[in-house]
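All remarks here apply to the structure that follows.
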Amino acid sequence: MAEEERPVDAQEWSSSNGGRPVGEELLRVEGVGRDYRAGDRVVHAVRDVSFTARRGELVAVRGRSGAGKTTLLNLIGGLDRPTSGRIQVAGHEITAAGARELLELRRSTIGFVFQSFGLIPILSAAENVGVPLRLAKRPRAEREERVTMLLEMVGLGAQTAQRPYELSGGQQQRVAVARALANDPALLIADEPTGQLDSETGRSIMDLLRALVHARGMTALVATHDPTLIDLADRVLTLRDGRLVDGAGQDGTALTAALG
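When we follow the numbering used here, the leftmost residue of the sequence shown carries the number 1, and every step to the right adds one.
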C-alpha cells in the first residue's frame, strides 16, 4: 500500500479559498431535550442542553456511552427533531425547518464525519468525495478540480483512484473528511471519528480537523470519549445522563484533569 502523503498546509488552503471570519456565533442550542418511549418508560436521552459555538472553534463533546452524545449531534445536524428547545445553525432555525429545508441545509451548511467512515465501497476515493458535489449539481470541471484539491489537502493526492478496501482505516477516514468538506460547510459534525483507528492515526485525524477548523473559520463538534484527544479541542462539553455537567467551556486539558 502506498505511503500517505503529507497533508497540504491548512493555512495555505485557507488563503487560496477564502476563510470565514472567526469569532462570530454560528451555533445556538437553547433548552434542547429529546425523549423516547421504551414501553411504558420515557427515556430522557438529552435533557435541557444549552450552549453556543463560534466560527473557528473546535468543540469536543465528551461522555460515556449512553450519555447522549450521538443523540445531541443528530439533533444539531437535523437528522432528528428535539422534543423541546430550539437549535439555530448559521441563522437557520433547525427546529422549525421542513424536510426540504433540512435536506438543503445538510447539503450546503453541515458536513458529517462518522465513526464507520460511510464510504461507498464500489466507488474510488475521488468518486466518494465527489458525491455531495454531484448531488449539488456542480459542473463536472468544477467537481473534478475541487475533488483533487480536497484529496491533496488531506494527504491522499496519490490515492484518488483507490477504492475503500485498498486504503487503510486512517486513509478511509481522511476520504470521509474530504467528502464532508466538499460543499464547504460552515458546521462540521464528527461522531467518534477516531473510534475505529489506532491512537496515532486518530491523533492525526484530530490534528487535521483542528487545522482545518482554524484555517477555514468553520465550527466543528466532535464527539469522543478518548481523553488523549480532548486536549486538541478549544472547548469541551461534557454530557452525563443527557445533561451538560459543570466544566463546559474549560479548555480540554483542564477538564480532563478535573474529571480524572
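For each residue, glycine too, the CB sits at the ideal point set by N, CA and C.
Residues near residue i by beta carbon distance below 8 Å, same chain, minus five either side
i, result
"I205", "G170, Q173, R174, V177, P193, T194, L197"
"I122", "R163"
"S65", "H225"
"A67", "L239, R240, D241, G242"
Residues bridged to residue i (per DSSP)
i, result
"Q196", "Partner(s): none; Q196 has no beta bridge."
"H46", "Just to set this straight, residue 46 is Val in the shown sequence, not His. Partner(s): R34."
"F51", "V29"
"I189", "F112, L221"
"S84", "G33"
"V61", "A223, L237"
"E166", "The partner list for E166 (beta bridge, DSSP) is empty, contrary to what the question assumes."
"H214", "H214 is not bridged to any residue."
"V89", "L27, H92"
Whether residue i touches residue j by CB criterion (8 Å)
i, j, result
"R62", "L237", "yes"
"I87", "V32", "yes"
"E30", "T219", "no"
"L232", "R210", "yes"
"G109", "P185", "In the sequence on display, residue 109 carries Thr and not Gly. Yes, Cβ-Cβ distance for T109 and P185 is below 8 Å."
"R28", "T52", "yes"
"D35", "T83", "yes"
"G77", "R106", "yes"
"V59", "D234", "yes"
"V129", "R179", "yes"
"A90", "L187", "yes"
"L221", "L75", "no"
Distance between residue j and residue i (C-alpha atoms, nearest Å)
i, j, result
"Y165", "T148", "20 Å"
"G217", "G39", "44 Å"
"L167", "G118", "14 Å"
"E101", "L135", "15 Å"
"S124", "Q159", "9 Å"
"V8", "A223", "Only weak support is given to the placement of V8: the predicted model assigns it a pLDDT of 46, under 50, and the question is left unresolved by the model."
"E142", "I120", "22 Å"
"L156", "R146", "13 Å"
"V42", "T71", "15 Å"
"N183", "H92", "17 Å"
"S50", "E104", "25 Å"
"F112", "K69", "14 Å"
"L79", "A99", "10 Å"
"L151", "R81", "33 Å"
"P132", "T228", "32 Å"
"R138", "E24", "29 Å"
"R140", "S199", "38 Å"
"R54", "I189", "14 Å"
For residue i, three-class secondary structure by DSSP
i, result
"T238", "strand"
"E271", "Only positions 1 to 260 of the chain appear in the structure, and residue 271 is not among them; the question remains open."
"E24", "coil"
"R143", "helix"
"L75", "helix"
"R138", "coil"
"L150", "helix"
"L292", "The structure shown does not extend to residue 292, since the chain is modelled only from 1 to 260, so the question has no answer here."
"R41", "strand"
"E12", "Confidence is the limiting factor: at E12 the pLDDT is only 42, short of 50, which leaves the residue's position unreliable and the question unanswerable from this model."
"L229", "helix"
Neighbourhood of residue i by C-beta distance below 7 Å, restricted to the same chain and skipping five residues each side
i, result
"A201", "The sequence given here has Thr at residue 201, not Ala. The answer, listed in chain order, is G169, G170."
"Q115", "D191, E192, P193, G195, Q196"
"V154", "P7, R174, V177, A178, L208"
6 Å CB neighbourhood of residue i in its chain, flanking five on each side removed
i, result
"A126", "V147, T160"
"H44", "D35, G242"
"R203", "none"
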